[in-house]
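See below for the structure under consideration.
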Amino acid sequence: MMEERIGVTKSVCPICLKTIEAYKVRNDENIYLVKKCSEHGEFRTILWRGEPHYEEWERPKTAAYPLNPFTEVSKGCPYDCGLCYDHRQHTCTALIEITDRCNLNCKFCFANAGGNNDPDIGTIKYYYQRILESSGTCNIQLSGGEPTLREDLGEIIKLGHNMGFEFIQLNTNGLKLKDLDFVKKLKSAGLNSVFLQFDGLDDSIYSTLRGQKILKDKLAAIENLEKIGIGTILVCTVVPGVNDSSLYDIVKFGLDHIPTVRGVHFQPVSYFGRIPTIPKDRDRITLPELMDKLSKQSEGIIKVTDFKPPGCENALCSFHANYVGMEGKLIHLGGDHNECICNIEKGEEGSRKTKAFVERNWSLGQDKLKEGKYSSFTQLLHIIKNNYFSISAMAFQDAWNLDIERLMDCCIHVVSKKGNLIPFCAYNLTSQHGKNLYREMRHFK
Amino acid sequence: MDKKKKINKSGWICAKCSCPVEEGPIKAMYLSGNFDVKLLRCPVCKNVLVPEDLALGQMLEVEKGLEDK
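Line by line, the protein sequences give chains U and G. Quick note: the first sequence uses this note's numbering, first residue 14, plus one each step. Quick note: the second sequence uses this note's numbering, first residue 29, plus one each step.
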């Protein structure tokens, strides 16, 4: 099979992280990123396998430059992040790492957590202020390390709300959430949503990925979140050969826990932070393969055509489909990806819609059924508010598959220790030998 | 008798068929999703009446609730 060059971009050398030219190459239905470092040789990494085709997965949008960029353009992407004024998307979600500590030691961890370093509450206030200055009131995700290890987590949540952030989500492994009183405290502090690490329904998956059998802890956490009423997204790191054959089981489990569980979010494994080995192509799963597996495993209940590219970040970074769970059935909403996306959309409008969507649908509404005129519409409204269910995936980029065009469109920004906003994949970018661009070095093994 | 009361209560007559409209099941389609709701409709031509307060009230709320990203 002849190879065809279909595009050119920039990337980095996975050894020295120097910016280098990279080519997108088609070989049959597969797309590869091919790049050559003058010192460290050629690298070739799978980007996309199968259908929908790479070139068809598009949603063009105008650039939405930062409202208040903190850094100058000097060395070029990805070396000027802060955000710089060339960055092309607003902050949809700002991520604050409130601790380096963790109560697990996962085989894969983009944060390479396990240090012993917590910013004090004054520093966290400064981080919130920097987000306001740079991007205004976007959605917040408190992350780490494991953020539930902070004794003052409730105070951190309240502080964020008091400073004007409407939606605050907790990114957690859930181990601490088996304590009902702890969940009650989070609720009373105003926590809107939990982004719960949930890799499957079989303990062997957790043994492999997380080093412990913790399924029962996850189930206890969900039970408590149901009791207290905090909207939850199940977040699955998908690793080929570990849990990619049981993706729909997670969706089914989520549907059984509507309305607390608001959706399932899949993250194909990326090779940054703490990783077990240098990745081969067989260690990667791409977005179209995920869509195909979800469709096949659900025996067509979920259709590949249900999924659409995003309106906020770069189209190649994610997919999503929305449903309403009604009387045991999934009603798909939102047309399909074969519909013509003829117009170039406004980047800032995509960002606004995504922020509003996440705030509305990833938290648990308190909608009570009201009597009155047009009762069937009232009932429909109630069902939509309570039973909305999203299935989505986001493919992060690492030093091997980084496409700088995608990075420039990133809308998830991590607040660095200096208080700058760094696109998620740039913040976590790690060379083969553990060198970081932005994250402070820790105990790299 | 009850039905007649409802008809009188609605106060609407279908302009095309001249018969009183009555409440009945209809399929509302939005963003490719089908939803079963009850609305006033003509029993003959099946034309559906969407009153202004519904269009600007709950129907708009449903539309907002379904806005995609």
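Backbone N, C-alpha and C fix where the C-beta goes; we use that ideal spot for every residue, glycine too.
- Below 8 Å, enough C-beta pairs join the stretch 184 to 194 of chain U and the stretch 224 to 240 of chain U to call them touching: three or more.
- Taking 7 Å as the CB threshold, residue 61 of chain G lines the interface with chain U.
- At a C-beta separation below 9 Å, residue 370 of chain U has these neighbours in chain G: 95, 96, 97.
- The beta carbon of residue 62 of chain U lies closer than 7 Å to those of 42, 43, 299, 301, 302 in the same chain, with the five residues before and after it left out.
- Remark: C-beta atoms of residue 170 of chain U and residue 202 of chain U approach each other more closely than 7 Å.
- Judged by DSSP in its simplified three-state form, residue 360 of chain U adopts helix.
- According to the DSSP assignment, residue 183 of chain U belongs to the beta strand (DSSP E) that extends over 181 to 185.
- Check the Cα spacing between residue 438 of chain U and each of U:430, U:416, U:274, U:200: the tightest is with U:416.
- Here DSSP, grouped into helix, strand and coil, assigns residue 28 of chain U to coil.
- The Cβ of residue 68 of chain G sits no closer than 7 Å to any Cβ of chain U.
- Distances from the alpha-carbon of residue 335 of chain U to those of U:419, U:406, U:328, U:292 put U:406 closest.
- As the crow flies, the alpha-carbon of residue 366 of chain U is around 14 Å from that of residue 425 of chain U.
- Within a 10 Å sphere around the beta-carbon of residue 75 of chain U sit fewer than 16 other beta-carbons, which makes this residue exposed.
- Residue contact with chain U for residue 88 of chain G: absent (no Cβ-Cβ distance below 7 Å to any residue of chain U).
- Between the stretch 126 to 143 of chain U and the stretch 90 to 98 of chain U, the count of C-beta pairs closer than 8 Å stays below three; the two stretches do not touch.
- In this structure residue 249 of chain U does not touch residue 208 of chain U by the C-beta definition: roughly 11 Å separates them, more than the 8 Å allowed.
- From the beta-carbon of residue 49 of chain G, no residue of chain U is found nearer than 7 Å; the closest lies around 14 Å away.
- Neighbours of residue 77 of chain G in chain U, taken as residues at a C-beta separation under 8 Å, are lacking, since the least C-beta distance is about 12 Å.
- The beta carbon of residue 387 of chain U sits closer than 7 Å to some beta carbon of chain G.
- Beta bridge pairing from DSSP links residue 221 of chain U with no other residue.
- Taking a contact as a CB-CB distance under 8 Å, the pair residue 255 of chain U and residue 218 of chain U counts as one, their CB atoms being some 6 Å apart.
- Contacts with chain U at 7 Å (Cβ-Cβ) do not include residue 72 of chain G.
- The contact set of residue 329 of chain U on chain G, defined by CB atoms closer than 7 Å, is empty, because the minimum CB distance reaches about 16 Å.
- Along the length of the stretch 240 to 319 of chain U, whole beta strand (DSSP E) runs at least 3 residues long occupy 244 to 251, 274 to 281, reported in chain order.
- Of all C-beta pairs linking the stretch 172 to 190 of chain U to the stretch 139 to 154 of chain U, three or more are shorter than 8 Å, placing the two stretches in contact.
- In the three-state reduction of the DSSP assignment, residue 160 of chain U falls in the helix class.
- The continuous beta strand (DSSP E) containing residue 332 of chain U extends over residues 331 to 339.
- Fully enclosed alpha helix (DSSP H) runs of no fewer than 4 residues occupy 388 to 400 of the stretch 385 to 413 of chain U, in order along the chain.
- Beyond the five residues adjoining it in sequence on each side, residue 31 of chain U comes within less than 6 Å, by CB distance, of no other residue in the same chain.
- Taking 3 residues as the minimum length, the beta strand (DSSP E) runs contained wholly in the stretch 42 to 83 of chain G are 50 to 58, 61 to 69, in order along the chain.
- The contact set of residue 82 of chain G on chain U, defined by CB atoms closer than 9 Å, consists of 386, 387, 390 in chain order.
- The Cβ atoms of residue 90 of chain U and residue 421 of chain U lie closer than 7 Å to each other.
- When the Cα atoms are used, residue 48 of chain U and residue 283 of chain U turn out to be separated by approximately 18 Å.
- Under the Cβ criterion of 7 Å, residue 394 of chain U is counted among the residues facing chain G.
- Annotation: the continuous alpha helix (DSSP H) that includes residue 441 of chain U extends over 437 to 441.
- For residue 153 of chain U, the closest Cβ of chain G is not nearer than 7 Å.
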